[in-house]
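S.K.: Residue numbers (our numbering): 22 to 481. Can you read through this structure? Questions will come right after.
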């Protein structure tokens, strides 16, 4: 199996630390807003990778985090500005806890509707405060931190490999930097590990620490959760490419300085999703969620299929026409497999399965793997063999084929089919043809087989 490693910038053979279990971490949602379809593309990438590893007989210890505290944002920065959870609570007239519970529930509903396999654990940042403080203490003891009036910061100049993932050096950032809103920072790339609560104002989410009351920085949270759950070196870390430049670079810096070991062996980043060729934004009116998709008459599974039509490292342009095409293709697949004759004992085609496995094992080449599925469905193999082979492939694709095989033929159609067969036996061909058309209008196709028998299938 091969994967593109964002750190080496090469496609590499995947070699896990431990053959018995692959450790995998994915940066999950921030629990203060609805997840847009670009987020879902990243989460689906992680799901496809998880399924592919399992398909290749790896045991996978998979963790996804939920950021429920400390996510700050100011234009062009990530360690200053307002806490998004607290801001959402104030805006919506709710408590921070209510905001987190509401948007986490919405995320989990979307997760289920896209048929994403659950990780071993969804880790919430607020439940790992002690490990975060312990990690910060270690960094402080090793001399990687300094204090300003608003918090504890990581000194990126002390980590010689800073910028290896992003490709940006500290010096290049300094040259292109505007005036930093925090003049106390030693370097523009330095980032907050712990933020002090504002004086005279109590936050809904704050904790005691050796440095005073405050809350953890966003980057510290992910490192602490990953190290706590998966160990000092992780096999695979997944995320969107928007996180590569800052968040993931900072995770590497603080984790490796704390442990003295490599943090992640394989970094896997998904490309951006655009809408109608442009950036998705609320101001443009093209900020779409799974709920928006469903209100238009589509399903989350249509979106899942659309994600498979472009390689994960290639930008995907979302249009309603593209989603309609994905819907049509998926509906056709469901119709085809729903009409297939079933036989659990039928042979699985090793030829098609090997070709499929080769494609998904080649840096998750899902578009070409999907093309092999269509070849299979149009092949001369028996229906049962095609179905059983596709069922095996669906362990990776996650199209929920099992739910679409086998169906009850309406009694009206069965009765018409029996009547037509009697007409055929008696040579009344014109009436037999009329009934065939009636059956077709009801959405079914009648196929004559040997010995005056017939087969009823759903019409495509």
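Where is the CB? At the ideal position from N, CA and C, for every residue including glycine.
(1) Beta-carbon within less than 7 Å of residue 97's beta-carbon, same chain only, minus the 5 sequence neighbours each way: which residues are those?
(2) Who are residue 301's beta bridge partners in DSSP?
(3) Just how far apart, CA to CA, sit residue 330 and residue 138?
(4) For residue 384, decide whether its Cβ has a neighbour in chain B, counting only Cβ atoms nearer than 9 Å.
(5) Could you check if residue 450 is buried or exposed, using at least 16 other CB atoms within 10 Å of its CB as the buried criterion?
(6) Would you kindly check if the distance between the Cβ of residue 398 and the Cβ of residue 407 is under 9 Å?
(7) Would you decide whether residue 395 is buried or exposed? Buried here means 16 or more other CB atoms lie within 10 Å of its CB.
(8) Closest by CA to residue 38, which one among 68, 350, 477, 255?
(9) Could you say which of 216, 169, 180, 230 lies nearest to residue 155 if we only look at CA atoms?
(10) Can you give the Cα-Cα distance for residue 465 and residue 370, rounded to whole angstroms?
(11) Can you say whether residue 239 is buried or exposed, counting buried as having 16 or more other CB atoms within 10 angstroms of its CB?
(12) My output table needs one value for residue 59: the three-state DSSP class, helix, strand or coil.
(13) Assuming residue 282 and residue 253 are in contact, meaning their beta carbons sit under 8 Å apart, how far apart are those beta carbons, in whole angstroms?
(14) Tell me which same chain residues have a C-beta within less than 7 Å of the C-beta of residue 475, skipping the five on either side of it?
(15) Taking 8 Å as the limit between beta carbons, can you name the residues of its chain near residue 6, skipping five residues before and five after?
(16) Assign residue 50 to one of two classes, buried (16 or more other C-beta atoms within 10 Å of its C-beta) or exposed (fewer than that).
(17) Report all residues from its chain with a CB closer than 7 Å to the CB of residue 291; omit the five preceding and five following residues, and keep chain order.
(18) Alpha carbons only, please: which of 352, 302, 308 is nearest the one belonging to residue 325?
(19) In the DSSP output, what is residue 115 paired with across the bridge?
(20) Can you give me the C-alpha to C-alpha distance between residue 43 and residue 247, rounded to a whole angstrom?
(21) Does DSSP put residue 311 in a helix, in a strand, or in coil?
(22) For residue 483, which beta-bridge partners are listed by DSSP?
(23) What are the boundary residues of the alpha helix (DSSP H) that residue 221 is part of?
(24) Can you tell which of 226, 174, 221, 182 has its C-alpha closest to the C-alpha of residue 206?
(25) Which same chain residues, not among the five before or five after residue 109, have their C-beta less than 6 Å away from its C-beta?
(26) So is residue 215 buried or exposed if we call it buried at 16+ other beta carbons inside 10 Å?
(27) Where do the N-terminal and C-terminal ends of the alpha helix (DSSP H) with residue 359 fall, by residue?
(28) Are there three or more Cβ pairs, one per stretch, closer than 8 Å when the segment 293-307 is compared with the segment 178-191?
(29) With DSSP run on the structure shown, which of helix, strand or coil describes residue 395?
(30) Please name the residue in 287, 335, 165, 152 whose C-alpha comes closest to that of residue 178.
(31) Taking the Cβ atom as the reference point for each residue, do residue 279 and residue 304 lie within a distance shorter than 9 Å?
(32) Within its chain, find whatever has a CB closer than 7 Å to the CB of residue 426; leave out the 5 residues flanking it on each side and keep chain order.
(33) In this structure, how does DSSP classify residue 75 when only helix, strand and coil are distinguished?
(34) Pull up the CB-CB distance for residue 294 and residue 131, whole angstroms please, since I reckon it's below 8 Å.
(35) Quick check on residue 41: buried or exposed, where buried means 16 or more other Cβ atoms within 10 Å of its Cβ?
(36) Distance check for residue 411 and residue 365, CA to CA, integer angstroms please.
M.R.: Taking the coordinates as given:
(1) With a pLDDT of 41 at residue 97, under the threshold of 50, the modelled position of that residue is not reliable, and no figure is offered here.
(2) The partner list for residue 301 (beta bridge, DSSP) is empty, contrary to what the question assumes.
(3) 20 Å
(4) This model lacks chain B altogether, as it is built from one protein chain only.
(5) exposed
(6) yes
(7) exposed
(8) 255
(9) 230
(10) 28 Å
(11) buried
(12) helix
(13) 5 Å
(14) 438, 442, 467, 468, 469
(15) With the chain covering 22 to 481 only, the question about residue 6 has no answer from this structure.
(16) buried
(17) 62, 63, 66, 261, 262, 333
(18) 352
(19) Beta-bridge pairing links residue 115 to no other residue.
(20) 13 Å
(21) helix
(22) Only positions 22 to 481 of the chain appear in this structure, which leaves residue 483 out of reach.
(23) Unbroken run through residue 221: none, as it is neither H nor E.
(24) 174
(25) 53, 120
(26) buried
(27) 341-360
(28) no
(29) helix
(30) 165
(31) no
(32) 358, 359, 361, 363, 408
(33) helix
(34) Not really, about 15 Å apart at Cβ, beyond 8 Å.
(35) exposed
(36) 12 Å
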